[in-house]
Amino acid sequence: MDNKFDVCVLGGFGHVGLPLSIAFAGAGKRVCAFDIAKDKIESIKSGKMPFMEDGAEEKLQKVLESGMLTPSLSTDDISNSENLIIVIGTPTDSHLSPEFDSMMTFIDQYIKYFKDGQLIVLRSTVYPGTTEMLYKKLKEKGKNIEVAFCPERIIEGYALKELYELPQIVSGTTENAERRAKELFSCIAKEAIVVKPVEAEVAKLLTNAWRYIRFSVANQFFMICNDAGLDFYKIYNALTYNYPRAKDMPKAGFASGPCLFKDTVQLSAFNNYGFPLGNSAVLINEGLPFYIIKKLKEKHDLNKKRIGILGMAFKAGSDDKRDSLSYKLKTLLEFETNKIYCTDVYIKDPGFIGAQELVDRSDIIIVATPHKEYANLKIGSEKEVIDVWNFYGKGATV
Ligand SMILES: NC(=O)c1ccc[n+]([C@@H]2O[C@H](COP(=O)([O-])OP(=O)(O)OC[C@H]3O[C@@H](n4cnc5c(N)ncnc54)[C@H](O)[C@@H]3O)[C@@H](O)[C@H]2O)c1
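In numbering that gives the first Met the number 0, the protein residues as written are 0 to 397.
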């Protein structure tokens with residue numbers, strides 16, 4: 000097969016797809032980053048990243064200059080590639096069930112561009128069984144296409160560091176798919192771990208559920224201490240100091256974003272919702288904004304207070320607002336007061352004000368996303384600061 004591209008990344012302008020495309024292109028592959036996001040292509044073509052990603056912009060410019068990366072909206076490029084990597088979003092629906100249809104609808108949309116002999120690598124986090132189902136579906140449609148599942152495990156914002164450092168979990172529906180996928184990723188990942196597709200699919204869900212549950216433990220510990228009138232971080236510091244078995248205990252704080260919640264819910268659905276730990280983690284993490292408001296209402300008539308939310312991204316150092324609990328906090332506060340201010344260093348919104356202005360205008364400041372830029376704000380002692388993260392090191396009592 001004489002293909003124009005070695006790799007076509009479908010969903011190639013996204014948080015996973017674009018860094019991955021850059022990494023493959025930087026490793027010498029001829030890469031097409033294919034997407035439908037018309038609003039992003041010009042910026043990407045001009046060497047500008049559409050979102051924050053450490054060290055990516057310089058690398059993007061390099062691979063554009065070398066001609067190894069082609070951003071594209073053209074479906075013809077899908078047919079012109081030896082390998083297709085699919086990294087579209089895989090959300091849950093409004094009933095918190097995995098959107099079983101979205102991947103298969105996506106396949107139906109593009110199947111006419113798939114060519115015999117291609118390898119399709121699923122890289123989105125998928126419901127267990129999806130890879131085998133896709134392989135069967137392609138066969139039924141008369142397509143002679145190999146299918147693999149190689150999950151993405153990077154932490155958002157540091158993809159172009161971690162892609163080279165993390166072992167790559169590789170799985171294929173046939174030995175040939177497995178071999179081809181392993182060979183493909185060998186140019187960026189230094190190690191491969193080969194398992195069966197369903198094992199790789201479950202591995203990805205377990206990884207994110209594990210992380211989400213750990214955050215929920217810290218959040219529940221925080222609430223237990225706070226309810227008892229104790230300063231959680233005084234206790235946290237005492238128990239983690241020079242004590243190896245507790246040193247990985249996370250701090251309390253908003254745990255959200257586009258992956259952890261939905262992957263925990265997907266794992267729960269996979270076990271017929273028989274995942275009490277995961278279900279509890281959802282209630283605890285998603286309940287933290289409610290808890291903060293409940294505690295504030297015990298002390299104040301919030302209708303008489305001006306409240307500032309410091310940080311709207313889903314995590315510090317990021318411009319990603321997807322599923323951020325700061326927005327949930329804002330919505331809940333709107334039931335209590337109409338004097339709410341929001342700010343974020345990285346998210347542009349005409350409704351937001353500057354961080355210092357927010358501090359100056361507010362009676363109560365809630366540290367929702369502890370961007371490091373907020374470290375030196377001038378906050379008078381008359382202000383009440385709700386700092387579940389203990390970002391300012393003055394305790395976290397609510
Ligand atoms: N964000 C992360 O840090 C991360 C980490 C590991 C795994 N994942 C998983 O990777 C997958 C993608 O996540 P993301 O954060 O990159 O999402 P994203 O929304 O940033 O990117 C998805 C991209 O797919 C494109 N797209 C959507 N429908 C399309 C279509 N029909 N044709 C072509 N392109 C289409 C979108 O325009 C977007 O650019 C999800 O399954 C997610 O769970 C994400």
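The beta carbon of each residue, even a glycine, is placed where N, CA and C say it ideally should be.
Check: residue i C-beta below 6 angstroms from any heavy atom of ligand 1
i      : result
Asp53  : no
Leu258 : First, the residue type needs correcting, since residue 258 is Cys and not Leu in the sequence shown. Answer for Cys258: yes, Cβ within range of ligand 1.
Val30  : no
Val264 : no
Ser71  : no
Ser123 : yes
Thr89  : yes
Val86  : yes
Glu356 : no
Asp318 : no
Gly10  : yes
Phe105 : yes
Ile110 : no
Val384 : no
His94  : no
Val6   : no
CB of residue i within 7 angstroms of CB of residue j, strictly
i      : j      : result
Tyr340 : Arg360 : yes
Val387 : Ala254 : no
Ala312 : Ser323 : yes
Asn207 : Cys258 : yes
Tyr232 : Ala26  : no
Cys149 : Asp76  : no
Gly277 : Thr263 : yes
Ser71  : Phe12  : no
Gly307 : His370 : no
Ser123 : Leu68  : no
Ile378 : Val358 : yes
Contact belief for residue i with residue j at Cβ below 8 angstroms, rounded distance in angstroms
i      : j      : result
Glu335 : Leu287 : That pair is no contact at about 16 angstroms.
Cys186 : Lys28  : 7 angstroms
Identity of the residue in the options nearest residue i by Cα
i      : options                        : result
Ala191 : Ile154, Arg179, Ile168         : Ile168
Gly66  : Ser170, Lys203, Lys44          : Lys44
Ala180 : Asn82, Ile110, Val15           : Asn82
Lys304 : Pro243, Glu381, Gly16          : Glu381
Leu295 : Ile365, Ala280, Ile352, Val344 : Ile365
Gly16  : Phe113, Phe99, Tyr373, Glu151  : Glu151
Glu174 : Val194, Lys327, Ala354         : Val194
Margin query: Between the region 37-56 and the region 84-99, can you find at least three pairs of beta-carbon atoms closer than 8 angstroms?
Written below: No, because fewer than three Cβ pairs between the region 84-99 and the region 37-56 fall closer than 8 angstroms, the two stretches do not touch.
Margin query: Below 8 angstroms, how does it come out for the region 153-160 and the region 110-129: are there three or more Cβ pairs, yes or no?
Written below: Flag = no, the region 153-160 and the region 110-129 do not touch.
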